[in-house]
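Under this note's numbering, read the sequence shown as residues 1 to 575, first letter to last.
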Amino acid sequence: MRIETGEAQTFAEVTLDFDGAPVVARTGETIAAALIAAGLRALRKTPNGEERGIYCGMGVCQECLVEVDGTANLRACMTKVSGPHRVRRQTPVATAIPGEAAPRSGDIPCDTPEIAVIGGGAGGLAAAAAAAEAGARVILIDERPQLGGQFYKQPAGLYGGVGPFEDAQFRDGAALIERTRAAGVQIVEGEVWGAFAPLELSLVTAAGPRHVRPGRLIVATGAYERGLPVPGWTLPGVMTTGAAQTLLRSYRVLAGRRILVAGNGPLNLQVARELARAGAHVVAVAELAPRPSWSRSAALWQMLRADPALLRDGVVYVAGLRRRGVPMLFAHRLGLIEKTGEGLRARLERWNGVSFSRGPTFLADVVCMGYGFMPSNEVLRALDARQVFDRARGHLVTVRDADCCTSVPRLYGVGDCCGLGGAHAAREEGIIAAVAAVAALGGAVPPRLVEEARAARTRLKRLRLFQKGLWRLFAPSAPAGTAMGRDVLICRCEEVTLGEIEAALADGSPSVGGIKRRTRVGMGRCQGRYCGALVAAMAAERRGGDIDEDAFFAPRPPIKPVRIGDLVGGMKAEP
Numbered sequence: 001m002r003i004e005t006g007e008a009q010t011f012a013e014v015t016l017d018f019d020g021a022p023v024v025a026r027t028g029e030t031i032a033a034a035l036i037a038a039g040l041r042a043l044r045k046t047p048n049g050e051e052r053g054i055y056c057g058m059g060v061c062q063e064c065l066v067e068v069d070g071t072a073n074l075r076a077c078m079t080k081v082s083g084p085h086r087v088r089r090q091t092p093v094a095t096a097i098p099g100e101a102a103p104r105s106g107d108i109p110c111d112t113p114e115i116a117v118i119g120g121g122a123g124g125l126a127a128a129a130a131a132a133e134a135g136a137r138v139i140l141i142d143e144r145p146q147l148g149g150q151f152y153k154q155p156a157g158l159y160g161g162v163g164p165f166e167d168a169q170f171r172d173g174a175a176l177i178e179r180t181r182a183a184g185v186q187i188v189e190g191e192v193w194g195a196f197a198p199l200e201l202s203l204v205t206a207a208g209p210r211h212v213r214p215g216r217l218i219v220a221t222g223a224y225e226r227g228l229p230v231p232g233w234t235l236p237g238v239m240t241t242g243a244a245q246t247l248l249r250s251y252r253v254l255a256g257r258r259i260l261v262a263g264n265g266p267l268n269l270q271v272a273r274e275l276a277r278a279g280a281h282v283v284a285v286a287e288l289a290p291r292p293s294w295s296r297s298a299a300l301w302q303m304l305r306a307d308p309a310l311l312r313d314g315v316v317y318v319a320g321l322r323r324r325g326v327p328m329l330f331a332h333r334l335g336l337i338e339k340t341g342e343g344l345r346a347r348l349e350r351w352n353g354v355s356f357s358r359g360p361t362f363l364a365d366v367v368c369m370g371y372g373f374m375p376s377n378e379v380l381r382a383l384d385a386r387q388v389f390d391r392a393r394g395h396l397v398t399v400r401d402a403d404c405c406t407s408v409p410r411l412y413g414v415g416d417c418c419g420l421g422g423a424h425a426a427r428e429e430g431i432i433a434a435v436a437a438v439a440a441l442g443g444a445v446p447p448r449l450v451e452e453a454r455a456a457r458t459r460l461k462r463l464r465l466f467q468k469g470l471w472r473l474f475a476p477s478a479p480a481g482t483a484m485g486r487d488v489l490i491c492r493c494e495e496v497t498l499g500e501i502e503a504a505l506a507d508g509s510p511s512v513g514g515i516k517r518r519t520r521v522g523m524g525r526c527q528g529r530y531c532g533a534l535v536a537a538m539a540a541e542r543r544g545g546d547i548d549e550d551a552f553f554a555p556r557p558p559i560k561p562v563r564i565g566d567l568v569g570g571m572k573a574e575p
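Structure (structure tokens):
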């Protein structure tokens, strides 16, 4: 469903051939946006015949694979419409790639910038801009066509204006992007598939494969949303809250007319309000945390002292939802999602302080889920940056010093890829890391940037205080992950159930590696990003040990799936 904002149009309308049916699309939007706008949510079938559709909306889950003009395994959420493409639903049958002559590895170009930054979100943009302004030669690598990341989501260039989404969040992102470009940062649109010691990156771009060997590396790869494995969580129409926001903010597309938002944290409130303002019927917001009360007033006071403006944003979200009559259900979680003739039926479960009981049921076109985030730390882990386990939030945290330098010399990490702190904190860390990296290279940092880094440290302290209060406010009093039956899929890619994992544990496989060998869990295209933490926790509980980095799937190249043809593309054949 498209929303028309009256903005000047800069796109051309084309017609896609989607499995023989015409679909009107707009050049510059993603294929996923065009299909969702047409009400088409099922994009492929699994080997077991199950339909799948867009889920993460950011290229991580690999669920929205389609075939475009004869090329298979393209992510619909990352592939832009550029003409009247022939699009087919992906099938599990392998597609042959024409063979090529053996390449010479020496033909791959290699860049040696003083500083390389991975990630074009808040932290990466701030780091790249500050480092370039300090005189360093900087390359910024991002796999998405639009800079801004998941927080500063920018329009896809379909319109001459920015319409109803020109809020402070948009304007701050646009200004930071302009600062980065004005500083002379070399921006490379490409996907990093390998990170090798001491500091070498391998990536694929539209122009072919490429290596980067920087003097200093700043990793700012962000995070992705955590789902909740329940019956039906893989159905088309079930997507992350962030995916629905990307469709809306970047492409002016509503994921559906009736939308249920469920999860844990403030992003769900923000996106639910944005969806309602854009014309969606938000049937309810189900928050896992209990209703705010005097027992959590200390958290609110901590947030107010740390950053009143950010707290005010949260109040605006809640007030906007209440004004539109959106039911807000606290201490509720998703329990079941079923496909019906009218879309999806989602049943909630209510926490009574001791256990979950059956809650209300809602009919919806789309169910958005967002139960927190997981750091995208694959590059940092591949380069052997030390990690510790955060038991409260169930993920690894990268060990860093005050300058955001990791345990690996010359390697810096900023933002949510190191542990969740929010986009505002990521931006401050980016400035701090950039100034430290330039100084370590022996460069003379301009006084203005020295002062900016000093101010960033002060702001970062306040933002971390705010984040602690936010975690306390949204801390669930109920466990999130016990709604699963034995038939629930834990590994979305390989369709491995909870029962199969439990059987492997009972059969003497108390490690993620052993479970992986027995069940193929974590061996799919998302590479364990959505099942890994849960499997690690189950294995640790079984063997009675603590969780550390070794309890997780080991990072291995390729960090993300790449076609062999893309790795060798552009290289000359041996005579």
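Cβ coordinates follow ideal geometry from the N, Cα and C atoms, glycine included.
- Item | Backbone CA spacing between A223 and P476 [nearest angstrom] | 21 Å
**Prompt:** Going by other Cβ atoms of all chains shown within 10 Å of its Cβ, with 16 needed for buried, is V285 buried or exposed?
**Reply:** buried
Cβ pair L158, G28 closer than 8 Å
yes
Grab the span of the alpha helix (DSSP H) containing I432 for me, first residue to last. A423 to A440
Starting from the C-beta of V562, find all residues in its chain whose C-beta is less than 6 Å away, skip the five residues before and the five after it, and write them out in chain order. W193 and V204
- Task: Reducing DSSP to helix, strand and coil, say where Q9 ends up.
- Result: strand
Per DSSP, the bridge partner or partners of K461: In the DSSP output, where bridge partners are listed per residue, K461 has none listed.
*asked:* To test your reading of the DSSP string, which unbroken beta strand (DSSP E) runs of 3 or more residues are found completely within the stretch 343 to 381?
replied: 343 to 351, 356 to 364, 366 to 370 and 373 to 375
Practice item. Could you tell me whether the stretch 106 to 120 touches the stretch 203 to 219, where touching means 3 or more Cβ pairs closer than 8 Å? Key: yes
When the distance is taken between beta carbons, is I115 closer than 8 Å to A136?
yes
### Task
In angstroms with no decimal places, state the Cα-to-Cα distance between A423 and A122.
6 Å
**Report entry** Exposure of G421, with buried meaning 16 or more beta-carbon neighbours within 10 Å
**Finding:** buried
ask   = Can you tell which of P229, P214, A244 and E7 has its C-alpha closest to the C-alpha of A32?
value = A244
Worksheet item: Which first and last residues belong to the beta strand (DSSP E) in which Y251 is found?
Response: Here Y251 belongs to no beta strand (DSSP E); instead the alpha helix (DSSP H) covers T241 to Y251.
Margin query: Applying the 10 Å Cβ sphere with the 16-neighbour rule, what's the burial state of Q9?
Written below: exposed
> Could you give the residue range of the beta strand (DSSP E) that holds A116?
Replying inline: I115 to I118
V261 beta carbon less than 8 Å from that of R2: no
* Which whole-angstrom value describes the C-beta separation of G413 and R400, a residue pair presumed to lie in contact below a C-beta threshold of 8 Å? -> 6 Å
- Closest Cβ-Cβ distance between L567 and chain D: below 8 Å? This model lacks chain D altogether; it includes just one protein chain.
Q. Which of the three DSSP states, helix, strand or coil, is assigned to G565?
A. helix
Whole angstroms is fine: what's the gap from L16's alpha carbon to V496's? 34 Å
* Asked: According to the neighbour-count rule (16 or more other Cβ atoms, all chains shown, within 10 Å of its Cβ), is G524 buried or exposed?
  -> buried
task: Have a look at the DSSP bridge pairing and note the partners of C405.
output: Y412
Strand pairing of K560, partner residues [DSSP]: According to DSSP, which records beta bridges pairwise, K560 is partnered with nothing at all.
Please work out which residues of its chain come closer than 6 Å, Cβ to Cβ, to G359, disregarding the five sequence neighbours upstream and downstream, and give them in chain order. H332, L348, E349 and R350
- Query: Going by DSSP, which residues form a beta bridge with I141?
  - Reply: I118 and V188
6 Å Cβ shell around R381 - same chain, five flanking residues per side excluded: P555
_Opposing strand residues paired with G208 [DSSP bridges]_ = T205
Q.
To the nearest angstrom, how far is the alpha carbon of P557 from that of E378?
A. 10 Å
Self-check item: Span of the alpha helix (DSSP H), counted from its first residue to its last, around A536
Solution: G532 to R543
Q: Could you say which of W233, M328 and R291 lies nearest to L334 if we only look at CA atoms?
A: W233
- Separation of A12 from A551, as counted between CA atoms: 50 Å
*Which residues does DSSP pair with A286 in a beta bridge?*
A262 and L329
- Query: Is DSSP giving P103 helix, strand or coil here?
  - Reply: Below a pLDDT of 50, predicted positions are generally treated as unreliable, and P103, at 48, falls in that range; the measurement from the model is reported next regardless. P103 falls in the strand class under three-state DSSP.
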